[in-house]
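Step one of this worksheet: look at the structure below.
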Amino acid sequence: MSQTLYIATAQGLEQSLPRWQQAAPLALDTEFIRVDTFFPIPGLLQFGDGQGEALVDPVAITDLSCLDAVLGPQGPLKILHACSEDLEVLTPMTRHGLGTVHDTQIALALLGEGLQVGYQKALQLVLGIEIPKDASRSDWLQRPLSQQQRDYAALDVRHLPALYAELKARLAAKGLWAIYEAECAEACRLPAPADPELAWQEHPNAWRLRPRELAVLRALTLWREREAVARNVPRGHLLKPPVLFELARRQPKNIFALAEVPELNPRVARREADTLLALIGEARALPDAGLPGRLPPPLPREAGSVYDALKRALQPVVQASGVPLEVLWRKRLADRVVLAAADHGIEAGLAELAGWRQPLLSPPLADALQAHAAQLAAWGDQRRTAIAGA
1 MSQTLYIATA QGLEQSLPRW QQAAPLALDT EFIRVDTFFP IPGLLQFGDG
51 QGEALVDPVA ITDLSCLDAV LGPQGPLKIL HACSEDLEVL TPMTRHGLGT
101 VHDTQIALAL LGEGLQVGYQ KALQLVLGIE IPKDASRSDW LQRPLSQQQR
151 DYAALDVRHL PALYAELKAR LAAKGLWAIY EAECAEACRL PAPADPELAW
201 QEHPNAWRLR PRELAVLRAL TLWREREAVA RNVPRGHLLK PPVLFELARR
251 QPKNIFALAE VPELNPRVAR READTLLALI GEARALPDAG LPGRLPPPLP
301 REAGSVYDAL KRALQPVVQA SGVPLEVLWR KRLADRVVLA AADHGIEAGL
351 AELAGWRQPL LSPPLADALQ AHAAQLAAWG DQRRTAIAGA
């Protein structure tokens with residue numbers, strides 16, 4: 001039976017570092033709270049080396065900078081399951097980012113088990129192990145943690161090394177290990193911070209707005225992005241996407257009109273009225289030369305036939321490589337390729353391919369896109385016409 005160590009002092013943490021540095025690999029998990037904050041608040045850090053587990057208390061230990069020795073590039077290989085949110089918690093504890101991270105959820109996806117297999121199901125599928133879920137949504141900032149919470153947290157890393165070892169063997173047997181390493185290198189890192197100046201372009205309905213309305217959307221979205229970070233509150237606690245759209249469309253001129261905007265939080269309307277009205281007024285007063293251009297509309301529904309054709313064209317690649325289509329050709333990548341091909345030509349669409357996917361996908365997609373070149377060009381013309389008609 002493995003032993004679980006609870007570490008709540010800086011000295012205890014320092015003493016554990018040499019052991020973790022020797023782990024091959026080091027299993028990690030985090031428990032955190034992110035209900036009414038922009039940034040996650042760490043509640044517990046779990047470490048496992050296959051011999052035992054350690055639970056590190058980030059509430060009690062305020063300086064975690066020494067963890068860079070194991071979390072950073074100089075540390076051991078780190079394994080997690082569904083790592084995207086954990087990366088947000090762990091990366092700030094390092095000087096130069098996390099070192100090599102392998103995600104067992106990605107391994108399961110490559111083996112055809114689906115894109116979002118949870119940890120409990122993964123243990124069931126691969127190792128035949130059942131673990132409880134009873135503490136998954138508990139308060140990880142409360143102190144002291146209950147024994148149930150500690151036991152649950154330890155289980156999250158106890159079986160992870162064995163799970164990883166079995167998945168590694170299965171991937172190697174299918175000739176997928178190199179692709180797995182490449183996919184983890186791409187996926188298991190925090191994306192570059194988005195430019196808050198351009199956040200307005202990500203609004204799903206921005207394309208419906210005229211230039212002056214877009215100027216309002218741009219100003220309000222930039223304010224929301226900056227204030228959410230500065231105040232450490234979720235974006236939606238300030239202005240939700242539907243509210244941003246309505247404010248841009250209605251452009252209220254006084255507090256009474258502001259209060260009539262659907263879904264606008266009354267508290268935000270009261271506290272931020274002067275700021276919001278000033279931002280709207282400034283955007284409304286911009287000269288035409290200072291207005292943003294319209295955004296193109298999405299592709300028509302008929303574009304679904306092109307998406308289907310591209311999927312069919314990739315079936316031989318799926319058969320030859322053993323990589324499931326849902327991993328090989330994700331929706332976001334498909335959107336980027338098709339939109340770029342429509343707007344700028346086939347070569348621009350193919351230029352969206354990168355990494356290990358590029359040599360696999362480029363030849364069949366080039367032929368399939370060329371077969372629909374006329375239709376793609378027509379849709380691109382429609383998108384440009386919609387912008388020009390602003």
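Residue 1 is where the sequence shown starts when you use the UniProt record's numbering, and the numbers rise one by one after that. Every residue, glycine too, gets a C-beta built ideally from N, C-alpha and C.
For residue i, the residue or residues it bridges with in DSSP
i, result
"Gln3", "Gly52"
"Phe47", "Leu28, Ala54"
"His102", "Ile79"
"Ile41", "Ile33"
Residue range of the unbroken alpha helix (DSSP H) whose run includes residue i
i, result
"Ala230", "211 to 231"
"Pro241", "241 to 250"
"Arg301", "Segment: none, Arg301 is in no alpha helix (DSSP H) and carries neither H nor E."
"Thr9", "Element bounds for Thr9: n/a, residue is neither H nor E."
"Ala162", "160 to 173"
"Ala133", "Just to set this straight, residue 133 is Lys in the shown sequence, not Ala. Per DSSP, Lys133 belongs to no alpha helix (DSSP H) and is neither H nor E."
"Asp335", "331 to 344"
"Val70", "68 to 71"
"Arg284", "273 to 284"
"Thr385", "373 to 388"
"Trp177", "177 to 187"
"Ile255", "255 to 259"
"Glu326", "325 to 328"
"residue 424", "What is shown of the chain runs 1 to 390, which leaves residue 424 out entirely."
"Asp86", "84 to 90"
"Ala122", "119 to 127"
Bounding residues of the beta strand (DSSP E) (the contiguous stretch that carries residue i)
i, result
"Ala30", "This sequence places Thr at residue 30; Ala is not what is there. Run containing Thr30: 26 to 33, per the beta strand (DSSP E) assignment."
Residue i burial status per 10 Å Cβ neighbour count (16 or more: buried)
i, result
"Glu347", "exposed"
"Lys78", "buried"
"Phe256", "exposed"
"Met1", "Any reading at Met1 must be qualified, since the residue scores a pLDDT of 44, below 50, and its modelled position is unreliable; the value itself is stated next. The residue in question, Met1, is exposed, as its Cβ has fewer than 16 Cβ neighbours within 10 Å."
"Gly43", "buried"
"His96", "exposed"
"Gln149", "buried"
"Leu328", "buried"
"Pro161", "buried"
"Leu163", "buried"
"Ile387", "exposed"
"Gly48", "buried"
"Asp156", "buried"
"Leu198", "exposed"
"Val35", "exposed"
"Ile7", "buried"
"Pro252", "buried"
"Arg158", "buried"
"Ala182", "exposed"
"Ser16", "buried"
"Gly349", "buried"
"Asp274", "exposed"
"Leu115", "exposed"
"residue 393", "With the chain covering only 1 through 390, there is no way to say anything about residue 393."
"Gly236", "exposed"
> Hey, is the region 215 to 229 in contact with the region 308 to 318, meaning 3+ C-beta pairs nearer than 8 Å?
Replying inline: Under the three-pair Cβ rule at 8 Å, the region 215 to 229 does not count as touching the region 308 to 318.
> Can we say the region 284 to 292 touches the region 346 to 363, given the rule of at least three CB pairs closer than 8 Å?
Replying inline: no
> Contact between the region 128 to 143 and the region 204 to 214: three or more CB pairs below 8 Å?
Replying inline: no
> If we count Cβ pairs, one from each stretch, closer than 8 Å, do we get three or more for the region 167 to 180 versus the region 56 to 74?
Replying inline: Contact fails: fewer than three Cβ-Cβ distances are below 8 Å.
> So does the region 336 to 352 actually touch the region 185 to 199, counting three or more Cβ pairs closer than 8 Å?
Replying inline: With the cut-off at 8 Å, the region 336 to 352 and the region 185 to 199 do not touch.
> Okay, do the region 15 to 25 and the region 60 to 79 touch, 3+ Cβ pairs below 8 Å being the bar?
Replying inline: yes
> How about the region 368 to 376 and the region 316 to 332: do they share at least three Cβ pairs that are nearer than 8 Å?
Replying inline: no
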